[in-house]
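Q: Residue numbers (numbering that gives the first Met the number 0), protein chains in the order written: chain A, 0 to 259; chain B, 0 to 324.
Okay, handing you the structure first.
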Amino acid sequence: MSLYFKYLKILFKSQMQYRASFLLLMTGQFFIPFSVFAGLYFLFERFGQIRGWDFFEVALCFAVIHMAFAISECFARGFDMFSGMVVRGEFDRVLVRPRSTFIQVLGSKFEFTRFGRLLQSAVVLAWALGSLPLQWSPAKILTLILMITSGVLIFTGIFILQATMCFWTVQGLEVANIFTDGGREMAQYPLNIYQKWVARFFTYVIPFGTVNYLPLMYLLGKNNGNDLLYMLIPALGSLFILPCVLFWQLGVRHYRSTGS
Amino acid sequence: MIQLQGINKSYKVAKRQTGLKQAAKALFYREHTTIEALKDVTFEITQGEIVGYIGPNGAGKSTTIKIMSGILVPDTGTCTIMGYTPWKDRAAYVKNIGVVFGHRSQLWWDVPVIDSFELLKDIYKIPQQDYQTTKNLLIETLELQEIINSPVRQLSLGQRMRCEIAASLLHSPKILFLDEPTIGLDAVSKIAVRQFIKTINKEKGVTIILTTHDMNDIEALADRVILIGKGSLLYDGQLGELKKQYATQKTITADYQKNSTPLQIPGTQTLSWTPERAIITVDTDVTSTSEVITQLSNIVELKDVAIEAQPIEDIIIQLYKEYQI
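What follows is the structure, encoded as structure tokens:
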């Protein structure tokens, strides 16, 4: 772990070489999801509520998902940009160093500009929390933290899957964006507003439902009993990353036997 | 120290056809051909050797290096290096080796070189004291004082290569793989790099395996050459032997007082002739150079004579031709 921070340090130094473009990109990242959020706002302005969810409840959902996405884009950018690493042959270098491939790829890139996006979702989160009549308890705070961390792990898992595919295809697969960008767009609303099969897919296959919809019910006091289950369900969702990491190991083995 | 026994490696490569229609077809169905990159490669290298590993492009040099450095797993065969099987004990094994890929950088592009060194120290878990000693030694011998604080992107290729080599030696590896370390360097940098490689081999006993297309590298560094072509080993032996066996031609350039009689000496061939200068090649299987010079001095009044051995480059071309690679 300390090695990871050493990687961060050198990447931050590199980033600071391009201060102007860094600031511009960060500002851009602040405003991109802002327009999406504005859309959300006007939608509720017009319709009042959707399937029993009102604006601040959805805003909370939005903030959690966007925050998770921004954090995982910061940290797991190395996996997101991995195809370039394979194409340029830099992965060979990773293999001749005495550390796990996982930490080295993770440390190969860090997207500091996503702090803009992070900041924006933090603002929305604070606003939503401030405006909702919530009964706070330590358990609820813990749940909120669990929702965000599990969300980060799920997005990271998808980035890892996407990177692993590069071992077979070399070129990056845009198709994975359906699940990262697409998943983010879908999961920023509570899942029960969608068709059943969509909700099921994003609960059991890619478990976004476990980090927003279900624990959100608990936070808002909409669940019928079984508090503990609703509270801990994000932790269950975060298990998604385990098969992703296994798949990664498999991909590395494939790479070493084909050298493509 | 290094033992390769019957290493085989083949790649599956998708056949590419020309034309839009074929390209569209290839989206769904691809024919594969198998390319045998290495066929029964066997050799042994002892500690402290410098081995030049040569062969034309696509001969299998890089594949061999990749197998020896633990990047690739061969199909069959065994490879034991310092008691490790490179691809099995990767993390433990690679601590003992340094790898320089001539056309790829291992340094972080936008930060001063010294920052890269510091990070490598953490990656390899080098103890602080060892790191200081090695680093200072490398900075001194490779003359990096001036450039160590500049970002890599501002360095010239020669400066960068010196830093690359230093970076791969920070953890004091026992074996150093150099994949085309002098590619694209100017003459001065080339000599500096060669000089340094010699030094670490002599003083630290680092075993060095070097691939290159520059035969001057081989001549300056390697006592032993391994020649590979189309995946098979073709020659493995002393450079001197190779020369003796194949370099049977010498070139003599003679300047003399004006003389209009053309030269005719048995066992030689005249490449160019003017009344004041002649360039002739001698086949040392037929006659000796001293014999030719004696005969020359009988015909003309010599002013100056220069004898050149056949460049190693020519020998290699001759070899490639002979083995049809």
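Positions of the beta carbon are idealized from the N, C-alpha and C atoms, including for glycine.
Note that the coordinates shown come from a computational prediction; the quantities given were computed from them, not determined experimentally.
Cβ atoms of glutamine 248 of chain B and glutamate 383 of chain B: under 8 Å apart, would you say?
A: This structure cannot settle anything about residue 383 of chain B, because the visible part of chain B is limited to 0 through 324.
Q: Alpha carbon to alpha carbon, what distance is there between glycine 54 of chain B and leucine 209 of chain B?
A: Between leucine 209 of chain B and glycine 54 of chain B, the C-alpha separation is close to 12 Å.
Q: Would you report the Cα separation of aspartate 88 of chain B and valine 93 of chain A, rounded to the nearest angstrom?
A: Computed Cα separation, rounded: 15 Å.
Q: If you run the structure through DSSP and keep just helix, strand and coil, what is phenylalanine 109 of chain A?
A: Correct three-state label for phenylalanine 109 of chain A: coil.
Q: Is proline 206 of chain A close to chain B, meaning its C-beta is less than 8 Å from at least one C-beta of that chain?
A: No, no contact with chain B.
Q: Per DSSP, glutamate 35 of chain B forms a beta bridge with which residues?
A: B/Ser9, per the DSSP bridge assignment.
Q: Pull out every residue of the stretch 93-106 of chain B whose Cβ sits closer than 8 Å to any Cβ of chain A, in chain order.
A: So the list reads Val93, Lys94, Ile96, Val98, Phe100, Arg103 and Gln105, given in the order they occur along the chain.
Q: Starting from alanine 253 of chain B, follow its DSSP beta bridges and name the residues at the other end.
A: B/Ala277 and B/Val304.
Q: Write down the C-beta distance between methionine 0 of chain B and threonine 41 of chain B rounded to the nearest angstrom, noting that I regard them as a contact closer than 8 Å.
A: So it is not a contact: roughly 15 Å between Cβ atoms.
Q: Taking all protein chains shown into account, decide if asparagine 211 of chain A is buried (16 or more other Cβ within 10 angstroms of its Cβ) or exposed.
A: By the 10 Å Cβ count, asparagine 211 of chain A comes out buried.
Q: So that I know if they touch, is there some Cβ in chain A lying closer than 8 Å to that of arginine 89 of chain B?
A: It does; some Cβ of chain A falls within 8 Å.
Q: Helix, strand or coil: which one does DSSP assign to tryptophan 52 of chain A?
A: The answer is strand: DSSP assigns tryptophan 52 of chain A an E or B state.
Q: Against chain B, with Cβ distances strictly below 8 Å, would alanine 107 of chain A count as a contact?
A: Looking at the sequence itself, residue 107 of chain A is serine, so the reference to alanine does not match. It does not; no Cβ of chain B falls within 8 Å.
Q: Quick check: is the beta carbon of serine 171 of chain B nearer than 8 Å to any beta carbon in chain A?
A: It does not: the Cβ of serine 171 of chain B has no partner Cβ on chain A nearer than 8 Å.
Q: Between threonine 140 of chain B and asparagine 215 of chain B, what straight-line distance do the alpha-carbon atoms span, to the nearest angstrom?
A: Going by the C-alpha atoms only, they are around 22 Å apart.
Q: Measuring only between beta-carbons, confirm whether threonine 112 of chain A sits less than 8 Å from chain B.
A: False, the Cβ-Cβ gap to chain B never drops below 8 Å.
Q: Can you list the residues of chain A that tryptophan 86 of chain B reaches, using a CB-CB cut of under 7 Å?
A: Ordered by position in chain A, the residues that pass the 7 Å Cβ test against tryptophan 86 of chain B are Arg255.
Q: Which value, in whole angstroms, describes the spacing of the CA atoms of alanine 62 of chain A and isoleucine 146 of chain B?
A: Those two C-alpha atoms are separated by around 47 Å.
Q: Helix, strand or coil: how does DSSP classify tryptophan 272 of chain B here?
A: In this structure, tryptophan 272 of chain B counts as strand in the three-state DSSP scheme.
Q: Starting from arginine 223 of chain B and walking both ways along the beta strand (DSSP E), at which residues does that stretch end?
A: Its beta strand (DSSP E) spans residues 223-228.
Q: If I measure Cβ to Cβ from glutamine 103 of chain A and keep anything under 7 Å in the same chain, skipping five residues before and after, which residues do I get?
A: If we look at glutamine 103 of chain A and ignore the five residues flanking it on each side, its Cβ neighbours are Val93 and Arg96.
Q: Is the distance from the Cβ of tyrosine 229 of chain A to the Cβ of leucine 219 of chain A below 8 Å?
A: Contact flag unset, no.
Q: Quick check on serine 120 of chain A: buried or exposed, where buried means 16 or more other Cβ atoms within 10 Å of its Cβ?
A: The residue is buried, with at least 16 neighbouring Cβ atoms inside 10 Å.
Q: I believe threonine 250 of chain B touches threonine 283 of chain B by the beta-carbon criterion, under 8 Å. Please report the beta-carbon distance rounded to the nearest angstrom.
A: About 11 Å; that fails the 8 Å criterion.
Q: Per DSSP, what kind of secondary structure is valine 99 of chain B in: helix, strand or coil?
A: Residue state, collapsed to three classes: strand.
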